[in-house]
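To keep things clear, I will list the structure first and then write my remarks on it.
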Amino acid sequence: MALVAPGAVLAACSTDSDSGGSPSDGAVKPGGVLAKVSDVPVGGGVLVDAGGRKLLLVQPTAGTVNAFDPACPHQGFTVSPPAGGTIVCPGHGSTFDAASGAVTKGPATSGLKQVPVKVSGGNVLAA
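Each residue of the sequence shown is one higher than the one before, starting from 7 at the first, in the numbering used here.
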């Protein structure tokens with residue numbers, strides 16, 4: 007019985023067939039609550055679990071929430087939530103603008119991949 011349970015859990019958590027792509031392609035099912043807006047600090051951000059994968063939610067100004075795939079485009083390290091308007095990759099020091107995800111310092115040569123979200127009723131939802 008113990009051998010069956012892990013397979014069942016893996017099948018239930020699979021995102022490849024559910025989203026039409028790999029877990030790192032930015033596909034998140036629409037409508038799901040990712041966080042409360044109040045849980046995302048203004049001028050900062052948080053990493054959240056979105057159906058078995060991480061997303062970085064940021065709130066650059068009150069009421070405006072953006073989401074990014076937190077995998078650094080340089081080598082895939084998970085970036086840290088922003089501090090002082092800057093997102094930093096702990097792997098090799100690349101930095102990104104917290105509002106747009108645009109690369110501001112390499113070695114990464116491209117910005118963070120944006121993931122569509124919307125704010126509704128005090129919640130951040132996958133769009």
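Glycine is no exception: its CB is placed at the ideal position from the N, C-alpha and C atoms.
Are the CB atoms of residue i and residue j nearer to each other than 8 Å?
i: residue 62; j: residue 51; result: yes
i: residue 104; j: residue 88; result: yes
i: residue 107; j: residue 74; result: yes
i: residue 35; j: residue 49; result: no
i: residue 97; j: residue 83; result: yes
i: residue 109; j: residue 117; result: yes
Per DSSP, what kind of secondary structure is residue i in: helix, strand or coil?
i: residue 75; result: coil
i: residue 44; result: helix
i: residue 124; result: strand
i: residue 83; result: coil
i: residue 88; result: coil
i: residue 132; result: strand
i: residue 115; result: coil
For chain C, is any of its Cβ atoms less than 8 Å away from the one on residue i?
i: residue 56; result: Reference to chain C is not applicable here, since this structure consists of a single protein chain.
Here's the rule I'm using: 16 or more other beta-carbon atoms within 10 Å means buried, otherwise exposed. How should residue i be labelled?
i: residue 126; result: exposed
i: residue 133; result: exposed
i: residue 65; result: buried
i: residue 76; result: buried
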